[in-house]
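**Q** Below you will find the structure I want to go over with you.
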Amino acid sequence: MQVITKNNAQFDVEGQKYRKEAVEFLQFDENTEITFYNLYQFENTSKVALEQIQHALFDTEKLSFIETIPAADYTFRYRQVTGQYNENEQMMNEMIQHILGLSEVKVFHSKVVTLNHVSQDQGQKFENYLINPVENTVIAMDEPPFEIHPSSTTELEEVSGFTEMTQAELLDLGKHFSMDLDDLRFCQTYFKSENRNPNLTELKVIDTYWSDHCRHTTFNTQIDIVTIDAGQYEPLFKAALNDYLEKRAQLGRTDRPITLMDLGTIQSRYLRENGILDNVEISPEVNACALEIKVDVDGTEEDWILYFKNETHNHPTEIEPFGGASTCVGGGVRDPLSGRSWVYQGMRISGAKDPNIPFEDTYPEKLPQRTISKRALEGNSDYANQIGLTGGYAEEIYHPGYEAKRLETGALISAAPKDHIVREAPVVGDKIILLGGRTGRDGLGAAVGSSQIQTEQSLENAGAEVQKGAAAIERKITRLFRREEATRLIKRCNDFGAGGISVAVGELADGLNIQLDDVPVKYPGMHGGEIALSESQERMAVVVAEKDIEAFLSYCTEEDVESTVIASVTENDRMQMTWAGQQIIDLSRSFLDSNGAAKHANAILTQPTSIFKNDVHSDTTWNEASLNAYMSTLNRAGQKAMAEQFDGSIGRASVLFPFGGRYRSTPELGMVSKLPVHGGKTTTTSGMAYGFDPYLSEQSPFHGGFYSVIESVSRMVALGFDYKDLRLSFQEFFENLKDDPKRWGKPMLSLLGANLAMSGLTLASIGGKDSMSGSFEDIDVPPTLLSFAVAQGHIDEVVSRPFKQVGSKVVLIENPLQDDFTIDLQKEKEIYETIHQLAKGDALLAASTVGFNGMLKDLIEMSYGNGISVQVSETLTNRLAEPLMGAFILELADDPATLLADIPYQVIGQTQADDIQIAGQNYSVQAIEAASNEVFASVFDQTENTARELPTTLSKTNASTTVDKTTKDVQAFIPVLYGTNGEFDLQFALEAAGFNCQMMVIADSSHEKFEQSIQVFIKHLKESQLLALPNGAVFGNQTDEEGRAWELILTRPDVRQAIEAHLQANRLITGNGAAFSALIRTGLIEFGEVTGHSAIRILPNKNGKFISDLYTGQVLSENSPFTKGQGNQTYTAPIATAFGRVDLGEASSKMKAHGQVVAGFKTYFAEENIDALTSPNGLVFGSISSFERSGEDLFQNVPSQGENQFLKQAFAYLQAK
């Protein structure tokens, strides 16, 4: 049986989105029609069951059921490649099987696309544009549901004669591996000592262990000879090299080979040896960089661990942008998460060639740059937003070299109380528990590229090389790891990435007996080798003492985290795996840890031919045209349309919103948040900023590395942090080095430059990640060394970037370039100290760094946020675009001469409203911003309405009220559903309002567990005065509908009865986002009872775009306990949704007349500007905005419009009952 659906016009986001792409990017005619149909094929179902599914999962207000696909000019059908995670199918199957209880029913999903008013060539062009064969495959219109074929077990058979193979035979065998001939000979010697031949799976395991991804093969290559070319910078390069060599000697490391890894870590070793990095935690677990810090919790200092980590998924994102970028976030989160911490800050730095390049100019065998940028953004933001990661900063860097391979980097910060984390060595008898997702064929061999995906049949057998992530599963693990009673039972933990079980479990202890038959799998037919090497996402392995197994598994059950004991720690130092009664892997720990045969290379440090040349001529005349052109170049153009697709307010901890000022238009220099203190208040912050410029690094890798460090440190200083507290982490991305000494010289120069800067600042990089495959044919990525700087700080010292007031002085603090184009680092430290002291007071209003682009870019961006700019001194007109490294722009409230003491400065000018003045002429900053934003408007779907203020037209109803307060407890109940991500924000907001909170997880892993959970849900509801439904993409917002799973629960007869009793007792219900949508569709908003229908709907944003921003809300009606006494009051309304347009439909007149429209947006967001609605009796309240995310010390860079009082008023009402 099958069902075909088509979205109705106002919900047809997908069709509108791709028609826009066809017209703007593929140059199709304006009358082109593109329609998407969803085709669902059901197995093991009856007509009655199918009708039940249709009624439960499909909204006929939103879509229509179609009997047959209508004829069109061009038609094709496609589905996702099999063997990897398919969110649509997975979520639908879970809702059908676990919520509806139809356990035997299975659904298969595909899409049909029809195009009209196109030629056959155009139709094929669109198909080629849409279908990435790594992600999707075109299928016949009548193709039945696919099958996952059982795997051949030939990989488990002995490689006959391996120990006796000749060089030619080894080379032939090596075609299937990343190991070179020396590695294979090394293996040959090992297996001779074992008196046996390996099987193919064992060789794949070894290949994975020794891959560049897992063991940093390139960075550990021995550099035998280093040669410095003669020239101007020879003394500089020699000084940096000698600094490294002297530190090696002082540390007693001269007997060790010179490697890029040794060079990259020497400064941290040196400072640690000299007692300077005393807060860096040293542990056998290498989860992420870890700092021991003090955190203020309710006025008392506590010991915490602060983690930070950067991660890249360059190759996966290049070939499958959505999946590669989403797993970049997922994998990045799991690293610090495995340290048993809460991940709460995320930064994304990506690199691409110009995404505006026409489709026809796409490099052969490459995806269009526009497609990569758009789909990578969708994948990265989708995962981050679903898991509930705060998007603190996002930027895309543009350089032609990134056509060779995309840069996709994530950097994250997490933290946890130190006493929640136990670090103990595993002992014999300890058990290994696998947590989270199930194991499938997705990502097999991705670490070494050994999967040979050539045909549809091989796709079905081997899965896709790039995985897709399941954020909702990982969210469950984050909840589990926030429970101290659970984390204290974990001795050691490892996340699953490259190499799957063989690496993640294999690294936990020297001796292991792994039972692969016990590993939960996604589908039958996998052999043991696939299970061992699968890189399926969202999995963790933990070591737990045998005596603690029962308790730990019980916590997993409470959080609905699938957990299975799969291995034991043994006394022999071997990794042994058994499957189907046979031992299929048996390898010694010492052999695996050897990393294979030693590699050797030479490096030549070449001289730059041109340096510090940006794209602006020194004699440029500044006028309206040149200013617009300057700010419309790729690396200066506005990127808010991209960055606003990351949730900047979730977590209820963002001290700085990503874009500052009343217009939220000035991009900040980094991200700053409060520490994730559970249930308490804190003044402790953490921050991160990065530094890198591709064009400077291309001109001189040495100076690129040097100034990456300077820029990351300077940005943190400008944000208010003390530079002495900073710890760094590097992300290296270079071309394939081959055997070319000049190519090897590039990363060495970058690291030498970075080391020289760190040495002068007495700082160190304590972590990092390298990727050395940035080449495609004759194209290379620019030498890329990203420096990430992290520190803790104080809430009162945070400084934001937008200009704050008219009439203040703006100054430039410059550290002039020396003859070798470095800067005096002693002077830089003095500048840092001065700025930090200013940050502790009130005189420093705004701060920004200046870099390779010169000060003009920064002056203009500082002007965007509040519509306040500067009158630029004419003495600086000719220097506006000059590279100024390590320089700062400061807005000061008092006399600079007094504030800056002995620090040299130049007065740039005085701030003024609206316009920037250059050479006596005023230019509209708003006009410059509009031109700058237009560059990526099409690529990143800029919001069409650019009006900055749009008064609401909704009627206002006011009523005065007083509330009698008593002292009785008021209980709020927060149920957590699969995909929920706002439960903790809601809990903390409710507790701040006075509520006691009860939280429970509704289990979804089986129908039996789900039914048991519903009975607990009803019990808690009876005991509570407020039902608070948290936001989140519950069940992945399937079927393309926000909050569908909540609706299925609320309309159950038993739950419906409990809700009726709850409301009859004049108790309250609230929810926002997805939960708000469910409250609407159940009838609770429109009618005040569960009717199962409503004329109101929440529509997707234009183009289906997720938007995170801060808007001004206003209370319009007091006809609810949530809004009582707040008539006309305004509030800052955090928005973070892809569904933001409220359509009252036929209920519009009634809702407005009865005062059920209780809040709206003063600034433009959507057509009717509705934020919040209530039921006729006011007991049910829901909103578009995430009202629970308001709180003390948040969003300091955006002028507050007031804090909503919704929960406080609800508490007062219930307390008075």
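Using UniProt numbering, you'd call the opening residue of the sequence shown number 1 and step up by one each time. The C-beta atom is built at its ideal place from N, Cα and C for all residues, glycine as well.
1) What do you reckon, are the CB atoms on E1042 and I1107 nearer than 8 Å?
2) What is the DSSP secondary structure of S750, counted as helix, strand or coil?
3) Whole beta strand (DSSP E) runs in the region 66 to 142 with 3 or more residues, listed along the chain?
4) So does the region 408 to 419 actually touch the region 644 to 659, counting three or more Cβ pairs closer than 8 Å?
5) Which residues bound the alpha helix (DSSP H) around K431?
6) Can you list, in chain order, the residues of its chain with a C-beta nearer than 7 Å to that of F36? Leave out the 5 residues immediately preceding and following it.
7) Do A376 and E424 have their beta-carbon atoms positioned less than 8 Å apart in this structure?
8) With distances taken Cα to Cα, identify the nearest neighbour of I1018 among L763, N86, A1058 and V1001.
9) In chain order, which continuous runs of the alpha helix (DSSP H) of length 4 or greater are located wholly inside the region 148 to 183?
10) Counting beta carbon pairs with one atom in the region 666 to 684 and one in the region 291 to 302, are three or more of them shorter than 8 Å?
11) Quick one: is S534 buried, meaning 16 or more other Cβ sit within 10 Å of its Cβ, or exposed?
12) Taking only beta-carbon positions, decide if W579 is within less than 8 Å of chain C.
13) Pull up the CB-CB distance for L241 and V226, whole angstroms please, since I reckon it's below 8 Å.
14) Which residue from Q1205, K405, G720 and G497 puts its Cα closest to that of V672?
15) Quick check on the burial criterion: 16 or more other C-beta atoms within 10 angstroms. Buried or exposed for N623?
16) Within its chain, find whatever has a CB closer than 6 Å to the CB of F1206; leave out the 5 residues flanking it on each side and keep chain order.
17) Since I believe G745 is in contact with I611 (beta carbons under 8 Å), could you give me their beta-carbon distance rounded to a whole number of angstroms?
18) Does P1134 pass the burial test, meaning 16 or more other C-beta atoms within 10 Å, or should it be called exposed?
19) So what's Q1038 in DSSP terms, helix, strand or just coil?
20) For the beta strand (DSSP E) containing M688, name the first residue and the last one.
21) So within the region 695 to 738, which uninterrupted beta strand (DSSP E) runs reach at least 3 residues, ignoring any that extend past its ends?
22) Would you mind sorting P904 into buried or exposed? The rule is 16 or more other CB atoms within 10 Å of its CB.
23) Give me, in chain order, the residues of the same chain whose beta-carbon lies closer than 6 Å to that of N922; leave out the 5 immediate sequence neighbours on both sides.
24) What are the complete alpha helix (DSSP H) segments, minimum 4 residues, inside the region 494 to 526?
25) What's the gap between the Cα of N88 and the Cα of S771?
26) Under the rule that 16 or more other beta-carbon atoms within 10 Å means buried, what is N8, buried or exposed?
27) Starting from T478, follow the alpha helix (DSSP H) in both directions and report where the run begins and ends.
28) Return the bridge partner residues of W304 from the DSSP annotation.
29) Does the Cβ of S848 have 16 or more other Cβ atoms within 10 Å, making it buried, or fewer, making it exposed?
30) Could you check which residue in N1066, G1071, Q1156 and E1047 has the C-alpha nearest to that of F58?
31) Can you tell which of A486, R574 and H527 has the C-alpha that lies nearest to the C-alpha of S563?
32) Find out if the Cβ-Cβ distance for the pair S632, V935 is shorter than 8 Å.
33) For M1, which residues of its own chain have a beta-carbon under 7 Å away from its beta-carbon, when the five flanking residues on both sides are left out?
34) From F706 to I831, what distance separates their C-alpha atoms?
35) DSSP state of H1154, grouped into three classes?
36) Where do the ends of the alpha helix (DSSP H) carrying D212 lie?
**A** The short version:
1) Taking 8 Å as the cut-off, the Cβ atoms of E1042 and I1107 do not count as close.
2) If DSSP states are grouped into helix, strand and coil, S750 belongs with the helices.
3) Fully enclosed beta strand (DSSP E) runs of 3 or longer: 74 to 80, 106 to 116 and 136 to 139.
4) No: the two stretches stay apart, fewer than three of their Cβ pairs being nearer than 8 Å.
5) It is not in any alpha helix (DSSP H) - K431 instead sits in the beta strand (DSSP E) that spans K431 to G436.
6) The answer, listed in chain order, is E14, G15, K111 and V113.
7) No, Cβ-Cβ distance for E424 and A376 is not below 8 Å.
8) The alpha carbon of I1018 has as its nearest neighbour, out of L763, N86, A1058 and V1001, the alpha carbon of A1058.
9) Qualifying alpha helix (DSSP H) stretches, in chain order: 167 to 173.
10) With the rule of 3 Cβ pairs closer than 8 Å, the region 291 to 302 counts as touching the region 666 to 684.
11) Around the beta carbon of S534, 16 or more other beta carbons sit within 10 angstroms, so the residue counts as buried.
12) The chain labelled as chain C is not found in the depicted structure, where only one protein chain is given.
13) 7 Å between Cβ atoms; contact.
14) Measuring from the Cα of V672, the nearest candidate turns out to be G720.
15) Of the other Cβ atoms in all chains shown, fewer than 16 fall within 10 Å of the Cβ of N623; this residue is therefore exposed.
16) The beta carbon of F1206 is closer than 6 Å to those of F1122 and F1187 in its chain, skipping five residues each way along the sequence.
17) I611 to G745, Cβ: 16 Å. No contact.
18) Under the 10 Å beta carbon count, P1134 is surrounded by 16 or more other beta carbons and is classified as buried.
19) Looking at Q1038 - three-state DSSP - the assignment turns out to be coil, as it is neither helix nor strand.
20) Here the beta strand (DSSP E) through M688 covers T684 to G691.
21) Uninterrupted beta strand (DSSP E) stretches at least 3 residues long and entirely within the region 695 to 738 occur at 727 to 733, given in chain order.
22) The residue is exposed, with fewer than 16 neighbouring Cβ atoms inside 10 Å.
23) Within the same chain, N922 has close Cβ partners D915.
24) Within the region 494 to 526, the complete alpha helix (DSSP H) segments of 4 residues or longer fall at 500 to 504, listed in chain order.
25) Cα to Cα, the separation comes out at about 32 Å.
26) So N8 ends up on the exposed side.
27) Per DSSP, T478 belongs to the alpha helix (DSSP H) from A471 to L480.
28) Paired residues: I293 and P417.
29) Under the 10 Å beta carbon count, S848 is surrounded by 16 or more other beta carbons and is classified as buried.
30) Residue E1047 is the option with its Cα nearest to F58.
31) Looking at the Cα atoms, A486 is the closest of the given residues.
32) Contact: yes.
33) Counting only Cβ-Cβ distances below 7 Å, and skipping sequence neighbours, we find F42, T45 and L50.
34) Cα to Cα, the separation comes out at about 18 Å.
35) It is coil, neither helix nor strand.
36) Note, D212: alpha helix (DSSP H), D212 to R215.
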